[in-house]
Amino acid sequence: MLQPLREIEGGIKLSLNVAGRLGQLRKPPIMESFLRQVYFTGVTAATGVVLRASGLGALIIAVTLDVLDADIDLAVKILLWVVFREIGPLAAAVVVILRTGTAISAEMAMMRVSGQTRALRYLAINLYDYLVVPRVAAVMLATMALTFYIQALAVLGALVLSPFIIDASFMELASRFFELFAPVDLYYSTIKSLLFGFAIAACCCWHGLNPPELSQNAVPKVITRAVTQSAMLVLTINAVFAYIVFGILFFGLVTAKV
Amino acid sequence: MVLTVPRGGVTHVHLPNGQAKAHLVTAVLKARAAAGEELELFGTATAELNAKGRERLRRRVGAVSPVVGLINNLNAWENISLPAAYHGSPPLERVAEIAQEVLQRFGAEPQAFLARLPDDLDRLERKIAAFVRLLVAAPELAVFDALDEGLSRQESAGLSRFETEYRSRQPAGTLLYVDTKET
């Protein structure tokens, strides 16, 4: 019963600590750790995302037009609202949880179990500064970058590939897309992806540094908890954002009538 | 048990088991004694210290010990230079000079040695890397924890150079050798 409360308290403390210590990124070893994490999360993950993202956009627009028998206007709206606002950040978050979240939690748990975090303390190196701050900052930045890749490629894929599947030209789709596109779409997904990255990294760091026991057996448990809770956090943040934007701004506090 | 280590001297302590050894080394490195025990470092009773005072004392102590092992995902150079890079002193050029000098004296090729991860180093090489890290920090009290543990007789023979090397850089430094009676 107390465990979830302890986790929430620990997560909040860790988050506040990270926010207050971002200036430590100026120190060379912390900056190096940050850049390594950006490379691992943002660059190496990008390759696999490219093809899937471009296919995803085309699939959505094709399904909307072909199966739902919608017009180009609705198809582009769905491309913008569903792919750009929702699926882009969520897909990036899934990639980050599966690749980076697992790696961070396992690495930290191994360091904790093998006494390497203790060694850092004896060297007067703050664990938050050296281990947590660069990872959280890097994962936030990389999640945002991955979200942009996915959004750009999904939209581009939809605009380029759709004319081969449905009866609509590239120019028709593109001009309609840019008519509908508003900067708020970009702000919305940027803020959301930054929050996703923060939640994933903070959750994985916390679990990595707080294994249930100091033995090798704790490592898989840590990974499972970190991944599950990161996914839950991402879904919660997404639901809150969707409610704020679509619930309050568009429909007031009352649910939409269909 | 009462243990007094004279400043500037070399003291050998044999403890009954590994647990007692780790307990002593940890207390010295943390500058904090367990409940019911007392620890004075450089003439200061650690029980009366606040966090900052304890931190200042800790900076004057270093160890080559499994308690302060190397970080696995950093190569030997990154391990050696990490405390200096983090605290901003000594400059990394000075760290590189120390590493080069010491490694050459131990018969290692610095460039190749420094590029290797701890898992690619043998036990003696890991101790050498930890020792270079200690020399960079230039502690007034150096704790050598079971230096010959896990080493062959031939490898152990070269360990006396640790003391010589430390002494040449810290003439007034204090050396504390800790091991167990079984070793």
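Chains A and B, in that order, give the protein sequences. Just so we're aligned, residue 2 is where the first sequence starts under the working numbering, counting upward by one. Just so we're aligned, residue 52 is where the second sequence starts under the working numbering, counting upward by one. We put the CB at the ideal spot given by N, CA and C, even for glycine. Computed from a predicted model, the values in this text were never measured in an experiment.
Residues that B:H63 contacts on chain A, provided the C-beta gap is smaller than 8 angstroms: None at all; the shortest Cβ gap to chain A is about 22 angstroms.
Do the segment 232 to 241 of chain A and the segment 199 to 213 of chain A make contact, defined as three or more Cβ pairs closer than 8 angstroms? Because the criterion of three Cβ pairs below 8 angstroms is met, the segment 232 to 241 of chain A and the segment 199 to 213 of chain A touch.
Pairwise C-alpha distance: A:P5 and B:L226: The alpha-carbon separation between B:L226 and A:P5 amounts to approximately 47 angstroms.
Taking Cβ-Cβ distances shorter than 8 angstroms, what residues in chain B pair up with A:L128? Residues of chain B passing the Cβ test: none, with the nearest at roughly 12 angstroms.
Quick check on B:I122 - is its C-beta less than 8 angstroms from some C-beta in chain A? In terms of beta-carbon proximity, B:I122 lines the interface with chain A, with at least one pair separated by less than 8 angstroms.
Closer than 9 angstroms between beta carbons: that is the criterion. Which residues of the segment 96 to 126 of chain A meet it against chain B? Result list: E108, M111, M112, S115, G116, Q117, R119, A120, L121, R122, Y123, L124, A125, I126.
Mapping DSSP to helix, strand and coil, what is B:T55? B:T55 falls in the coil class under three-state DSSP.
Going by DSSP in three states, A:D70 sits in which element: helix, strand or coil? Note: A:D70 maps to coil in three-state DSSP.
Below 6 angstroms CB to CB, which residues in the same chain sit around B:A223 once its five sequence neighbours on both sides are set aside? Taken in chain order, the residues that qualify are G59.
Quick check on A:M172: buried or exposed, where buried means 16 or more other Cβ atoms within 10 Å of its Cβ? So A:M172 counts as exposed.
Three CB pairs or more closer than 8 angstroms across the segment 85 to 105 of chain B and the segment 114 to 134 of chain B: No: the two stretches stay apart, fewer than three of their Cβ pairs being nearer than 8 angstroms.
Measure the alpha-carbon distance for A:V137 versus A:A47 and round it to whole angstroms. Taking the straight line from one Cα to the other gives about 19 angstroms.
Considering only their Cβ atoms, is the gap separating A:L196 from A:I238 smaller than 8 angstroms? Contact check for A:I238 against A:L196 passes: the beta carbons are separated by less than 8 angstroms.
Sequence-distant residues of the same chain with beta carbon closer than 7 angstroms to A:V96, five excluded per side: These residues qualify, in order along the chain: A46, V50, L147.
Return the Cβ separation of A:T42 and A:T101 in integer angstroms, given the expectation that the two are a contact with Cβ distance under 8 angstroms. Contact between A:T42 and A:T101 holds: CB atoms are separated by about 4 angstroms, below the 8 angstroms threshold.
First through last residue of the alpha helix (DSSP H) which encompasses A:Y1: An answer regarding residue 1 of chain A cannot be provided, because it is not within the stretch 2 to 259 covered by chain A.
In angstroms, rounded to a whole number, what distance separates the CA positions of A:L66 and A:S16? Taking the straight line joining both Cα atoms gives about 44 angstroms.
Looking at C-beta atoms only, is the number of pairs between the segment 204 to 221 of chain B and the segment 180 to 190 of chain B that lie closer than 8 angstroms three or more? They touch, by the three-pair rule.
Below-8 angstroms beta-carbon distance, A:P30 vs any chain B residue: For A:P30, at least one C-beta of chain B is nearer than 8 angstroms to its own C-beta.
Neighbour flag for B:E144 against chain A, beta carbons, 8 angstroms: No, B:E144 does not count as interfacial toward chain A.
Rounded to the nearest angstrom, what separates A:A20 and A:I98 at their Cα positions? A:A20 and A:I98 have their alpha carbons spaced roughly 21 angstroms apart.
Check each candidate in B:V146, B:G139, B:S140, B:H138 and name the one with the smallest Cα separation from B:I131. Among B:V146, B:G139, B:S140, B:H138, the Cα nearest to that of B:I131 belongs to B:V146.
Cutoff 8 angstroms: A:Y131 Cβ touching any chain B Cβ: Closer than 8 angstroms: yes.
Would you check if the distance between the CB atom of B:L185 and the CB atom of B:V115 is smaller than 8 angstroms? Yes, the pair counts as a contact, with Cβ atoms nearer than the cut-off.
CA-CA distance, B:F195 and B:L66? Between the alpha carbons of B:F195 and B:L66 lies a distance of about 13 angstroms.
Indicate whether at least one CB of chain A lies closer than 8 angstroms to the CB of B:E176. Not one chain A Cβ lies under 8 angstroms of B:E176.
Counting only Cβ pairs nearer than 8 angstroms, list the residues of chain A close to B:P134. What B:P134 touches in chain A: L124, A125, I126.
How is the alpha helix (DSSP H) around B:F164 delimited, first residue to last? Taken as a continuous stretch (DSSP letters only), the alpha helix (DSSP H) holding B:F164 covers 161 to 166.
Tell whether a beta-carbon distance below 8 angstroms holds between B:V76 and B:V229. Yes.
How many angstroms separate the CA atom of A:V241 from the CA atom of A:G89? Roughly 17 angstroms separates the two Cα atoms.
Secondary structure of A:T42, DSSP reduced to three states: It is helical.
Which full runs of the beta strand (DSSP E) of 3+ residues lie inside the segment 101 to 165 of chain B, going along the chain? Fully enclosed beta strand (DSSP E) runs of 3 or longer: 112 to 115.
N-terminal and C-terminal residue of the alpha helix (DSSP H) that B:F182 is part of: B:F182: member of the alpha helix (DSSP H) spanning 174 to 188, first to last residue.
Between the alpha carbons of A:V68 and A:R177, how many angstroms are there, rounded? Rounded to the nearest angstrom, the two C-alpha atoms are 20 angstroms apart.
8 angstroms is my cut-off, CB to CB: does A:Q4 come that close to chain B? It does not; no Cβ of chain B falls within 8 angstroms.
Given a threshold of 16 other Cβ atoms within 10 Å of its Cβ, counted over all protein chains shown, does A:T225 qualify as buried or as exposed? Exposed is the call here.
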